[in-house]
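For reference, the structure is listed below as structure tokens.
Numbering (the numbering used here), first residue to last: 31 to 229.
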């Protein structure tokens, strides 16, 4: 079993293995082009990401800068928008559904290190997948930790650190992130707190 096989299987692995280093360097080269390209060259920028990412649907947009480890472990659905400074450590699969909005300075971390210093000093790492459902809005300055699943139709409040799964139809916020309440049909009437949407 190669170190890459171990990484993708969620086992402890050595990220310093030559093949993995080369794959990360390739991603850095593609992202350097993407992040420094004239922003009016939308189709060219899209093509770079289509080449790098594991799966993209028709309609997606990343505001630069965007960073990731490998790219090929990232799958994004249709109508995806990522604002500035999205970082995805995609040592494991990151699957994002349709109609997902990601605010600035969000970090999705599949990667982790052992708690005890001895295996950590031997450069062991691990990675667990992150799954984000459909119709999710992730606010600014949020960290999502390894192995987390965020259900459909959720809103994650700014500044949250998501360490556990969030059930569908939830508003969740905090460090650690906790569910505040369920989203209901009553929420259709308002765009912010008690500010009503005019028909």
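Every residue gets a Cβ at the ideal spot worked out from N, C-alpha and C, and that includes glycine.
The beta carbons of residue 169 and residue 180 sit no closer together than 8 Å. Annotation for residue 222: the continuous beta strand (DSSP E) segment containing it runs 220–222. In this structure, residue 162 keeps its C-beta atom at 8 Å or more from the C-beta atom of residue 189. Here residue 137 has 117, 173 as same chain residues with Cβ atoms under 6 Å from its own Cβ, once five neighbours each way along the sequence are excluded. Put simply, of 150, 38, 97 the residue whose alpha carbon is nearest the alpha carbon of residue 103 is 38. Setting aside the 5 residues that flank it on each side, residue 154 is surrounded in the same chain by 42, 144, each with a C-beta closer than 6 Å to its C-beta; the list follows chain order.
If you look at residue 210, you'll find it in the beta strand (DSSP E) that goes 208–212. DSSP assignment within the region 107–181 yields the following whole alpha helix (DSSP H) runs of 4 residues or more, N-terminal first: 147–151. DSSP, reduced to helix, strand and coil, places residue 57 within a helical segment of the structure shown.
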